[in-house]
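No gaps in the numbering here: position 319 of the sequence shown is 326 in our numbering, and each next residue is one more. For reference, the structure is listed below as structure tokens.
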Amino acid sequence: MAVHKIAVIGGDGIGPEVIDHASRAAQKAAAKFDNAELAFNKLPWSTDYYKQHGRMMPVDGWEVLAKHDAILFGAVGSPDVSDKITVNELLLPMRRKYDQYVNLRPSYLFHGVDCPLKNKAPGAIDIVVYRENTEGEYAPVGGQLYVGMEQEIAVQTGVFTRKGCERILRAAFEAARKRRKKLTSITKSNAQVFSMGLWDDVFAVVRKDYPDVESAPLLVDAAAMDLVRKPESFDVIVASNLFGDILTDLAAAVTGSIGLASSANINPTKQFPSMFEPVHGSAPDITGKGIANPLAAILSAGLMLDHLGLAKSAKMIRDSVAEVLKDGKVRTPDLGGKATTTDMGDAVVAAL
Ligand code: NAD
Ligand code: IPM
Ligand code: MN
8 MAVHKIAVIG GDGIGPEVID HASRAAQKAA AKFDNAELAF NKLPWSTDYY
58 KQHGRMMPVD GWEVLAKHDA ILFGAVGSPD VSDKITVNEL LLPMRRKYDQ
108 YVNLRPSYLF HGVDCPLKNK APGAIDIVVY RENTEGEYAP VGGQLYVGME
158 QEIAVQTGVF TRKGCERILR AAFEAARKRR KKLTSITKSN AQVFSMGLWD
208 DVFAVVRKDY PDVESAPLLV DAAAMDLVRK PESFDVIVAS NLFGDILTDL
258 AAAVTGSIGL ASSANINPTK QFPSMFEPVH GSAPDITGKG IANPLAAILS
308 AGLMLDHLGL AKSAKMIRDS VAEVLKDGKV RTPDLGGKAT TTDMGDAVVA
358 AL
């Protein structure tokens, strides 16, 4: 039996609540359908860990993590400690340090899920966002001066490299080729130099290698409108870090709930482990109530199985989630029901 080493970081808030169900479902699927074992290494890195040790992870944390085949991540962020620490000393550095430059985020309107838009049939919305995940507007370049004074100033520079634009655009075109062969490149080319000067230029070069893919640029503000007005017009969307972040919450909302939105942070070279996490955060407003929807985390674990080459179990995770949603008997409050996190996790595990 092949053994895959998985680091599990539940993190804060609903993170640990949902990630337990994701681990459980993935373990059952891998054993049953791919004869594979997942060896979980639960790491307590979180805001609580920070409060005890003064850091989000141990000094050798990055070396520890690097020894795993993949990372399953819940969420970080806590009302009582700044995101400057929680998010910026664990999550964002991980994406950069491990060069997880592809942030793949699917949005699919499942059968049995109410769409907030009128007259959308199941499957009518089927989008994958390829979000650049290591640079762009999130580059930690800048600073703050004269803090608290009248002349206070904060500067953050977007960093776009030709290599960074090219590799995410190519990854997105490759994905489009395997799907409905349509790609939309999101920019703010009417106002921002990195869009008009570099991203669009690289897009023009890369698209020549994919004549079989219908591709077009779209301004981010218009894209936000179209995601609501005609989401069926999108197949693969490729976007910079910030635009991809915003558009994926929107895509999650139009497909029913952020509680269904999964994501993969992939290092395609496999030099470092890739990381799999729900799109949502730690949700302090519902923490401890036992009502968080675990499906986003479970679907993220499915993306992890796929990345590990366990294609059958990955498909079974997705199929089981689809079956539970279609059946409709078990629904957490975000989907209009009264079920608990555990009810939902149990339903998926039973369906597997
Ligand atoms: P959030 O995603 O945590 O919550 C937004 C809303 O969605 C809330 O009303 C919440 O209850 C709801 N929600 C989220 N996940 C849900 C689920 N699985 N089931 C049902 N409802 C769900 O975003 P936020 O409130 O803006 O952020 C809270 C904290 O999480 C902040 O500190 C933020 O920085 C952090 N955050 C972390 C990550 C991450 O670790 N990957 C992602 C996003 C936000
Ligand atoms: C996400 C989150 C993060 C991001 C935050 C916590 C920095 O919103 O994963 O979507 O913007 O990437
Ligand atoms: Mn986000």
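Where a beta carbon is used, it is the ideal one built from N, C-alpha and C, also for glycine. These numbers come from a predicted model, not from an experiment.
Which residue's Cα is closest to the Cα of residue i: the options?
i: A378; options: A346, L315, G309; result: The requested residue 378 does not occur in the structure, where the chain is confined to residues 8 to 359.
i: I132; options: T255, A32, M351, P238; result: P238
i: G233; options: T348, Q34, L124; result: Residue identity differs from the one stated: residue 233 is Asp in this sequence, not Gly. Closest by alpha carbon: L124.
i: C122; options: V109, P291, I265; result: I265
i: L306; options: V166, S89, W52, L79; result: L79
i: I298; options: G61, G316, P100, K345; result: K345
i: V227; options: E221, A318, N197; result: N197
i: Y217; options: F241, S202, L190; result: L190
i: D326; options: G295, I134, L359; result: L359
i: T348; options: M8, R31, K12; result: R31
i: Y105; options: R187, K49, I273; result: I273
i: G171; options: K49, D87, L205, I160; result: L205
i: Q278; options: Y56, E70, G20; result: E70
i: G130; options: A9, Q199, S240; result: S240
i: V331; options: L99, E181, A354; result: A354
i: A321; options: L50, A271, R102, H60; result: A271
i: A55; options: A29, H75, G22; result: The sequence shown places Asp at residue 55, not Ala. When only C-alpha atoms are compared, the closest one is G22.
i: A178; options: R214, M203, V154, L152; result: R214
i: P86; options: G316, D41, R236, G20; result: G20
i: A318; options: D67, M203, N42; result: N42
i: F180; options: M8, F210, Y115; result: F210
i: N126; options: D207, V235, S222; result: V235
i: G68; options: R138, P100, K58, E173; result: P100
i: L257; options: S114, M203, A128, K49; result: S114
i: V200; options: K185, V166, E157, A229; result: V166
Hey, residue i and residue j are a contact pair by Cβ (cut 8 Å); roughly how many whole angstroms apart?
i: T93; j: M63; result: 7 Å
i: D110; j: N140; result: The displayed chain sequence assigns Asn, not Asp, to residue 110. The pair is a contact, with the Cβ atoms about 4 Å apart (cut-off 8 Å).
i: L267; j: A260; result: That belief does not hold up - the Cβ atoms of L267 and A260 are roughly 10 Å apart, past 8 Å.
i: K35; j: V356; result: 6 Å
i: G149; j: T164; result: 5 Å
i: V243; j: A303; result: So it is not a contact: roughly 20 Å between Cβ atoms.
i: V245; j: L176; result: 6 Å
i: A37; j: E44; result: 7 Å
i: G263; j: L342; result: 7 Å
i: P285; j: V25; result: 7 Å
i: Q107; j: M282; result: 6 Å
i: V136; j: R102; result: That belief does not hold up - the Cβ atoms of V136 and R102 are roughly 15 Å apart, past 8 Å.
i: K12; j: A46; result: 5 Å
i: L2; j: V83; result: This structure cannot settle anything about residue 2, because the visible part of the chain is limited to 8 through 359.
i: A231; j: L249; result: Rounded, the Cβ-Cβ distance is 13 Å, inconsistent with contact.
i: P224; j: S192; result: 5 Å
In the DSSP assignment, find the unbroken beta strand (DSSP E) run with residue i in it and report its ends.
i: A78; result: It is Ile, not Ala, that sits at residue 78 in the sequence shown. Counting along the chain, the beta strand (DSSP E) containing I78 begins and ends at 77-82.
i: T191; result: 189-194
i: I146; result: In the sequence on display, residue 146 carries Ala and not Ile. A146 -> no beta strand (DSSP E), and no H or E assigned at all.
i: M282; result: 281-285
i: Y57; result: No beta strand (DSSP E) contains Y57, which is instead part of the alpha helix (DSSP H) from 54-60.
i: D133; result: 133-139
i: P100; result: It is not in any beta strand (DSSP E) - P100 instead sits in the alpha helix (DSSP H) that spans 99-104.
i: Q163; result: 160-163
i: V109; result: 109-115
Over the uninterrupted alpha helix (DSSP H) stretch that includes residue i, give me the two end residues.
i: L254; result: 248-261
i: G17; result: It is not in any alpha helix (DSSP H) - G17 instead sits in the beta strand (DSSP E) that spans 9-18.
i: V235; result: 227-236
i: V47; result: The question names Val, but residue 47 in the sequence shown is Phe. No alpha helix (DSSP H) contains F47, which is instead part of the beta strand (DSSP E) from 43-50.
i: D121; result: Unbroken run through D121: none, as it is neither H nor E.
i: K336; result: Where K336 is concerned, there is no enclosing alpha helix (DSSP H), given that its DSSP letter is neither H nor E.
i: R214; result: 207-214
i: K91; result: 90-93
i: R184; result: 169-185
i: T349; result: 348-358
i: L72; result: 68-73
At a threshold of 7 Å, does residue i count as lining ligand 4 (C-beta to nearest heavy atom)?
i: D252; result: Ligands in the displayed structure: ligand 1, ligand 2 and ligand 3; ligand 4 is not one of them.
**Request:** Decide yes or no for the touch test of the region 69-84 against the region 10-19: beta carbon pairs closer than 8 Å, at least 3 of them.
**Result:** A contact exists between the region 69-84 and the region 10-19.
**At least 3 beta-carbon pairs within less than 8 Å: the region 287-295 vs the region 136-156** = Too few Cβ pairs lie closer than 8 Å, so no.
**Request:** Could you pull out every unbroken beta strand (DSSP E) segment of at least 3 residues lying fully inside the region 266-324, listed in chain order?
**Result:** Runs of the beta strand (DSSP E) inside the region 266-324: 269-273, 281-285.
**the region 333-349 contacting the region 103-119, beta-carbon criterion three pairs below 8 Å** = Touching, yes, given that three or more Cβ pairs across the two stretches are closer than 8 Å.
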